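Working notes for the structure below.
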Amino acid sequence: MENDLNISIQGFNSKHVAKEIGNLTLEVIKALDNKYALDITKLRQVIISCDFPAALAKIASEFNHQSSPTFTNSKQATAIAQLLIKSSGSSQPLEYALVLCVNFFSDIINSDGSVSLDNVAPVIHRIHHELVHVHEMNINSLDQSRLIDDFDDAFLITSKSAWSEYLANCMSSPSATDDNINIVLNTLEATLNDVPNEIEDLINNYQAGLLPLDTMYNSVSKRIRLIANMYGYAQGYIHTLDIDMDSHFPTLLKLLSSSKLAEQLSNLGEAFTSIKVKFDLSGLDDFDDFGLAKNAIISIYDSFGLRIERNIEPGMGLYIHVC
Numbered sequence: 003m004e005n006d007l008n009i010s011i012q013g014f015n016s017k018h019v020a021k022e023i024g025n026l027t028l029e030v031i032k033a034l035d036n037k038y039a040l041d042i043t044k045l046r047q048v049i050i051s052c053d054f055p056a057a058l059a060k061i062a063s064e065f066n067h068q069s070s071p072t073f074t075n076s077k078q079a080t081a082i083a084q085l086l087i088k089s090s091g092s093s094q095p096l097e098y099a100l101v102l103c104v105n106f107f108s109d110i111i112n113s114d115g116s117v118s119l120d121n122v123a124p125v126i127h128r129i130h131h132e133l134v135h136v137h138e139m140n141i142n143s144l145d146q147s148r149l150i151d152d153f154d155d156a157f158l159i160t161s162k163s164a165w166s167e168y169l170a171n172c173m174s175s176p177s178a179t180d181d182n183i184n185i186v187l188n189t190l191e192a193t194l195n196d197v198p199n200e201i202e203d204l205i206n207n208y209q210a211g212l213l214p215l216d217t218m219y220n221s222v223s224k225r226i227r228l229i230a231n232m233y234g235y236a237q238g239y240i241h242t243l244d245i246d247m248d249s250h251f252p253t254l255l256k257l258l259s260s261s262k263l264a265e266q267l268s269n270l271g272e273a274f275t276s277i278k279v280k281f282d283l284s285g286l287d288d289f290d291d292f293g294l295a296k297n298a299i300i301s302i303y304d305s306f307g308l309r310i311e312r313n314i315e316p317g318m319g320l321y322i323h324v325c
């Protein structure tokens, strides 16, 4: 852990509450770092903000990102944390900033705005999950200077993001509460029930001339990333904790075995376990390590009749075929 780690609290009405949450966050980070031997070097900032999008945009600007960061904000799930990386053209990260929404701490903030630590365990687990993301980045030696085009963003980055959520819940599962687990698995169930239908509606609207191609594609790709990420979150718990799905989550178990995406998600899960074997040995050093996961993501697009091809002309985007 960095000695100069800075905890910044933004937008709180009460200085006392801000101080309580800031001190708690620092103490939890120290305790988790010591207990689980995480490599969280280069984590220099933790920002806890009442305006999550603005805080993300500010750090992205300070880190010279070319565009504002995107984050999940859907009916099924809303992001409350994001790790930002400063690389400045270097092949390896120079530093990290962890941005947390005030809702990250909802379990300990009472309706009157005061803080109670009676239900702090879910918050501790969420911090643990985020620290594993830092640990993963430090263990891996993937080239951060690699140029990512639209094709890579659709398949490589989606598969890498889903794997990261899988790993984070694998490694942080010892601190997970029943609450944490139930929320994630119930969210995956809602996602598998709702999102494939949303994707089909978007494609149908495009084919009926009601949506332009780029709007349809961008909306679909966000939803496929949501499916992949939620599957990664859930499988991290399921694989590590050996959850009895038949007893505790029978509806989700049926969805995973009989839904339109059953085979594709099963292949994605197998890819996760394969990648983790390599990670546990020596970390990941090649984006080709995500090949099986990337193929699983491609197959999800295929299942909706979407075939995506890279345009070989620089800066010309993608060929999107709707079958």
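If you read the sequence shown in this note's numbering, its first letter stands for residue 3, the second for the next number, and so on. For glycine and all other residues, C-beta sits at the position ideal for the given N, C-alpha and C. Just so you know, these numbers come straight off a predicted model, no measurement behind them.
- Contact between Q78 and A192 holds, since their C-beta atoms are separated by about 5 angstroms, short of 8 angstroms.
- Here L243 has S175 as same chain residues with Cβ atoms under 7 angstroms from its own Cβ, once five neighbours each way along the sequence are excluded.
- Distance between S147 and T80, taken at the CA atoms: about 29 angstroms.
- A straight-line Cα-Cα distance of about 12 angstroms links M139 and S163.
- Spanning the alpha carbons of I185 and S143 requires a straight line of approximately 32 angstroms.
- Contact between F292 and L158 holds, with the beta-carbon distance rounding to 6 angstroms and staying under 8 angstroms.
- As DSSP reads the structure, H323 sits in a beta bridge with R309.
- N269 is positioned such that its CB atom lies no closer than 8 angstroms to that of A230.
- Remark: three or more beta-carbon pairs, one from each stretch, lie closer than 8 angstroms, so the stretch 33 to 51 and the stretch 92 to 109 are flagged as touching.
- Cα atoms of S118 and N112: separation of roughly 7 angstroms, rounded to the nearest angstrom.
- Check the Cα spacing between D41 and each of A295, R312 and G285: the tightest is with G285.
- Here C103 carries a strand assignment [DSSP, helix/strand/coil].
- Taking C-alpha positions only, G319 is separated from D155 by approximately 11 angstroms.
- Restricting attention to Y219, N8 and L213, the CA atom closest to the CA of R309 is found in Y219.
- Boundaries of the alpha helix (DSSP H) harbouring V125: A123 to I141, taken from the DSSP string.
- Rounded to the nearest whole angstrom, the C-alpha separation of G24 and F14 is 11 angstroms.
- Residue environment for V104: buried (at least 16 other C-beta atoms within 10 angstroms of its C-beta).
- In the three-state reduction of the DSSP assignment, Q84 falls in the strand class.
- Following the DSSP letters along the chain, one finds S276 inside the alpha helix (DSSP H) bounded by residues A264 to S284.
- It is roughly 8 angstroms from the alpha-carbon of Y233 to the alpha-carbon of Y168.
- The residue among T27, I141 and L254 with its C-alpha nearest the C-alpha of D288 is I141.
- Between the alpha carbons of F281 and V134 lies a gap of roughly 13 angstroms.
- Out of C52, I50 and L86, the CA that lies nearest to the CA of S63 is found in L86.
- In this model, D152 and H131 are separated by some 28 angstroms (Cα to Cα).
- The three-state reading of DSSP puts L204 in helix, counting H, G and I together.
- Excluding its 5 nearest sequence neighbours in each direction, A123 has C-beta neighbours in its own chain below 6 angstroms: T179, listed in chain order.
- In terms of Cβ geometry, I226 and Y303 form a close pair [threshold 8 angstroms].
- Per DSSP, the beta-bridge partners of Y98 are L45 and I87.
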